[in-house]
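Asker: One line per chain: the protein sequences are F and A, in this order. Note that the first sequence ends on residue 481 in this note's numbering; no numbers are left out. Note that the second sequence ends on residue 191 in this note's numbering; no numbers are left out.
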Amino acid sequence: MIKNTTISYGWLSISMHWLSALAVIGLFAVGFWMVDLNYYSEWYRTAPHYHKSIGILLALLTLFRLVWKLTQPTPRSLGKPLEKKSAKFAHGLIYLLMFSLFTSGYLISTADGRGIDVFNWFTVPGLGELFPEQEDLAGQIHEWIAYSLIGLAILHAFAALKHHVIDKDNTLKRMIKPIEEK
Amino acid sequence: MKKTLIAAGFAILLSPLANAADYVLDIKGAHAFVNFKIKHLGYSWLTGRFNDFDGKFSYDPSNPSASQITVNIETKSIDSNHAERDKHLRGKDFLNVSKFPNSSFVSTKIEDLGNDKLKVMGNFTLHGVTKPIVIDAVKIGEGDDPWGGYRAGFSGTTRIALADYGITYNLGPASTHVDLELHIEGIKQ
Numbered sequence: 300m301i302k303n304t305t306i307s308y309g310w311l312s313i314s315m316h317w318l319s320a321l322a323v324i325g326l327f328a329v330g331f332w333m334v335d336l337n338y339y340s341e342w343y344r345t346a347p348h349y350h351k352s353i354g355i356l357l358a359l360l361t362l363f364r365l366v367w368k369l370t371q372p373t374p375r376s377l378g379k380p381l382e383k384k385s386a387k388f389a390h391g392l393i394y395l396l397m398f399s400l401f402t403s404g405y406l407i408s409t410a411d412g413r414g415i416d417v418f419n420w421f422t423v424p425g426l427g428e429l430f431p432e433q434e435d436l437a438g439q440i441h442e443w444i445a446y447s448l449i450g451l452a453i454l455h456a457f458a459a460l461k462h463h464v465i466d467k468d469n470t471l472k473r474m475i476k477p478i479e480e481k
Numbered sequence: 003m004k005k006t007l008i009a010a011g012f013a014i015l016l017s018p019l020a021n022a023a024d025y026v027l028d029i030k031g032a033h034a035f036v037n038f039k040i041k042h043l044g045y046s047w048l049t050g051r052f053n054d055f056d057g058k059f060s061y062d063p064s065n066p067s068a069s070q071i072t073v074n075i076e077t078k079s080i081d082s083n084h085a086e087r088d089k090h091l092r093g094k095d096f097l098n099v100s101k102f103p104n105s106s107f108v109s110t111k112i113e114d115l116g117n118d119k120l121k122v123m124g125n126f127t128l129h130g131v132t133k134p135i136v137i138d139a140v141k142i143g144e145g146d147d148p149w150g151g152y153r154a155g156f157s158g159t160t161r162i163a164l165a166d167y168g169i170t171y172n173l174g175p176a177s178t179h180v181d182l183e184l185h186i187e188g189i190k191q
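This is the structure in structure tokens:
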């Protein structure tokens, strides 16, 4: 079952969700660590290169994920009305923060017109300086949004666990494996 | 009363500043540059500059040692032709420009070495630290410009140790010092 139904996510949504989760956590950890690397560290050049490469790939995946989400049925959300509303809001916010991260990250590295090399497979061209002090402002925004996204992701994980452990509903289960309609 | 006036008159005449003209650095026309260079790994020179600064000097060709110069630099305008590097240089590892937005040089004493060469002693402030430095300067030329003004230009170089100014990020043993180069043209006021 590749596609979504009104009661469960399909394999494509599930894989993209967990791949994104892995990438977001990995990018955050690498980003947090690489900014303090010593100039003589062997990672000084490679860590930012991987961070940027994976970031761009995640941006592409997330674009596709959003298109897929908008063209697929959404599994009915479970819980109380307020929970449903806040879940919808939080999910939207996660997407918004991710796209803000992609944009701000792109703006740091391309402020002088240089492109971003993605694993030396291809280069995303730079647009140059779009506003003054671009790399510094974009850098600050990138950092704060990264912390916000991780905060929201933790909340997201706790909410899923709450559905699983306290409400004992299918919210988490259907994101692990598609639930067949009976 | 008369004597005092005469004395005051002599004092003005004898004052070395009496014939010194005041110049303002030609920032608008960008005929002034604050450049730096530092060794990269010991294998090459990395050069860059500060784009935003201003300054003024007084200069009297008949008495160069009475000259005076002040330059103020906006540290966030550092430009090494690489946005990511400039971001790093503006950050806490190096210039920390949000905390130390200004750098300056104010001369305290100028020695005329002859042949248009000058030894400019003064205080250089960077990263919140002020230390005396000596700039080896040379007058490049002076004279009328084609647009009705009068200009004088100088070059100066000095070398500072980053650690002296509390910048201790490890760039390697070959990169502990920075050469500063000042190429300035002043317009007579």
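Each residue gets a CB set at the ideal place from its N, CA and C atoms; glycine is no exception. Because the structure is a prediction, the values reported are computed rather than measured.
So the candidates are A:Phe-38, A:Asn-53 and A:Phe-55; which of them puts its Cα closest to the Cα of A:Trp-47?
Answerer: A:Phe-38
Asker: Do you know how far the Cα of F:Gly-309 is from the Cα of F:Trp-317?
Answerer: 13 Å
Asker: Mind reading off the beta-carbon distance from A:Ser-69 to A:Ser-60? Whole number of angstroms is fine, and I expect it under 8 Å.
Answerer: So it is a contact: roughly 6 Å between Cβ atoms.
Asker: Apply the 10 Å Cβ neighbour rule to F:Tyr-343 and answer buried if 16 or more other Cβ atoms are within range, or exposed otherwise.
Answerer: exposed
Asker: With DSSP as the reference, identify every bridge partner of A:Leu-184, one or two as the case may be.
Answerer: A:Val-36 and A:Gly-158
Asker: Examine chain F for any beta-carbon lying closer than 9 Å to the beta-carbon of A:Leu-48, and answer yes or no.
Answerer: no
Asker: Whose C-beta lies closer than 6 Å to the C-beta of A:Ser-106 among residues of the same chain, with five residues either side of it excluded?
Answerer: Asn-74 and Thr-127
Asker: Among F:Ser-314, F:Tyr-338 and F:Ala-458, which has the Cα closest to the Cα of F:His-390?
Answerer: F:Ala-458
Asker: Beta-carbon within less than 6 Å of A:Pro-18's beta-carbon, same chain only, minus the 5 sequence neighbours each way: which residues are those?
Answerer: Note that A:Pro-18 scores 47 on pLDDT, short of 50, meaning its location in the model is unreliable and no value can be drawn from it.
Asker: Got a sec: is the Cβ-Cβ distance from F:Glu-442 to anything in chain A below 9 Å?
Answerer: no
Asker: Any C-beta of chain F sitting closer than 9 Å to the C-beta of A:Tyr-45?
Answerer: no
Asker: Give me the chain F residues within the contact set of A:Asn-37, using Cβ-Cβ distance strictly less than 8 Å, ordered along the chain.
Answerer: None at all; the shortest Cβ gap to chain F is about 18 Å.
Asker: Whole angstroms is fine: what's the gap from F:Leu-326's alpha carbon to A:Gly-145's?
Answerer: Those two C-alpha atoms are separated by around 60 Å.
Asker: Are the segment 444-462 of chain F and the segment 419-435 of chain F touching by the rule of at least three beta carbon pairs closer than 8 Å?
Answerer: no
Asker: Using beta-carbon positions only, say whether A:Ser-82 and A:Gly-50 come within less than 9 Å of one another.
Answerer: yes
Asker: Let's test the definition: count the other Cβ atoms within 10 Å of the Cβ of A:Leu-182 and tell me whether it reaches 16, buried, or not, exposed.
Answerer: Answer is buried; the Cβ neighbour count reaches 16.
Asker: Give the straight-line distance between the Cα atoms of F:Ile-393 and A:Leu-91, rounded to the nearest whole angstrom.
Answerer: Cα to Cα, F:Ile-393 sits roughly 32 Å from A:Leu-91.
Asker: For chain A, find out if any of its Cβ atoms is closer than 9 Å to the Cβ of F:Gln-371; answer yes or no.
Answerer: no
Asker: List the whole-angstrom C-beta distance separating F:His-350 from F:Gly-330, where the pair is believed to meet the contact cut-off of C-beta under 8 Å.
Answerer: 6 Å
Asker: Measuring CA to CA, which of A:Leu-120, A:Tyr-171, A:Ser-177 and A:His-42 is closest to A:Lys-94?
Answerer: Taking A:Lys-94 as reference, the option from A:Leu-120, A:Tyr-171, A:Ser-177 and A:His-42 with the minimal CA-CA separation is A:Tyr-171.
Asker: Does F:Thr-519 have its Cβ less than 9 Å from a Cβ in chain A?
Answerer: Lying outside 300 to 481, the shown extent of chain F, residue 519 of chain F is not represented and no answer is given.
Asker: If you follow the alpha helix (DSSP H) that F:Met-300 is in, where does it begin and where does it stop?
Answerer: Careful: F:Met-300 lies outside any alpha helix (DSSP H) and carries neither H nor E.
Asker: Look up A:Ser-58 in the DSSP assignment and say whether it is helix, strand or coil.
Answerer: It is worth fixing the name first, because residue 58 of chain A is Lys in this sequence and not Ser. Reduced to three states, the DSSP call for A:Lys-58 is strand.
Asker: Among F:Leu-400, F:Ser-403 and F:Glu-428, which one has its Cα closest to the Cα of F:Arg-413?
Answerer: F:Glu-428
Asker: Quick check: is the beta carbon of A:Leu-173 nearer than 9 Å to any beta carbon in chain C?
Answerer: Included in the structure are the protein chains F and A, with no chain C among them.
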